[in-house]
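Colleague: Residue numbers (my numbering): 32 to 227. Once you've had a glance at the structure underneath, I'll fire off some questions.
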Amino acid sequence: MVRGTGKYKQKRGGGRNFSKDMVLDENGTAVSAARRRAENEENSDDDDEEEEEEEEEESEEEEGDGKDGDKPELTRVERRELKKKQAAEKAKALDEEEEDEDLINPNHVQKKLNISDLGAPRELSRREREAKEKKEAQDRYWKMHVAGKTDQAKADLGRLAKIKAEREAAQAKRKAEAEAKAADLAAKQKAAAGRR
32 MVRGTGKYKQ
42 KRGGGRNFSK
52 DMVLDENGTA
62 VSAARRRAEN
72 EENSDDDDEE
82 EEEEEEEESE
92 EEEGDGKDGD
102 KPELTRVERR
112 ELKKKQAAEK
122 AKALDEEEED
132 EDLINPNHVQ
142 KKLNISDLGA
152 PRELSRRERE
162 AKEKKEAQDR
172 YWKMHVAGKT
182 DQAKADLGRL
192 AKIKAEREAA
202 QAKRKAEAEA
212 KAADLAAKQK
222 AAAGRR
């Protein structure tokens, strides 16, 4: 058993590469046929891309010659601005085509923020909007409660009126008892003074 073989376990065959399907390339070196095929495909892809770029440039030149027969050739800055406008128009067209409500990511930022946008009022998030609505509803309820228009306020005012009436009745009773006591005391004092 071999200890410490490392992170990668070798497969059977010791990781050796066999010289199967070897072909000589332009330089006379032996290269596997699979690698040569891959290189040829890459080269053909690069050639296709170069051809496409050349065709685009030629078509742009032809369009420029056809459209701007009277006008002088555009400067570099003007060409850049024209390309930016065309790119913006393409992006706008793509945005209009691909706006499916189900596929739009709500977390995706639609446009970049500028410093001037910071002072402008922004759209509230769902949580912020719900918190604001809840606070406004509480304020409205409290104003109505203070005015005595809510059910709870009416119940509280009724209970307070009942307690007030009970307290007034108890105070009147205590006053009557105190007057009766004072009259009794005055009568007793008279009776005691009359006996002497």
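Beta carbons are placed, not taken as given, at the ideal position from N, Cα and C, and that holds for glycine. For clarity, every value in this text was computed on a predicted model and none was experimentally measured.
#1: Consult DSSP for ALA162 and reduce its assignment to one of helix, strand or coil.
#2: In this structure, how does DSSP classify LEU55 when only helix, strand and coil are distinguished?
#3: With DSSP as the reference, label ALA151 as helix, strand or coil.
#4: Apart from the five residues on each side of it in sequence, which residues of its chain come closer than 8 Å, Cβ to Cβ, to ALA178?
#5: Identify the continuous beta strand (DSSP E) that holds SER156 and give its terminal residues.
#6: Counting along the chain, where does the alpha helix (DSSP H) carrying GLY179 start and finish?
#7: Please classify GLN117: does DSSP put it in a helix, a strand, or coil?
#8: Work out the CA separation of ASP187 and LYS204 for me, nearest whole Å.
#9: For GLU161 and GLY189, I'd like the C-alpha separation in whole angstroms.
#10: Going by DSSP, which residues form a beta bridge with ALA61?
Modeller: On the basis of the supplied data:
#1: helix
#2: strand
#3: coil
#4: ALA184
#5: Segment: none, SER156 is in no beta strand (DSSP E) and carries neither H nor E.
#6: Element bounds for GLY179: n/a, residue is neither H nor E.
#7: helix
#8: 26 Å
#9: 34 Å
#10: LEU55
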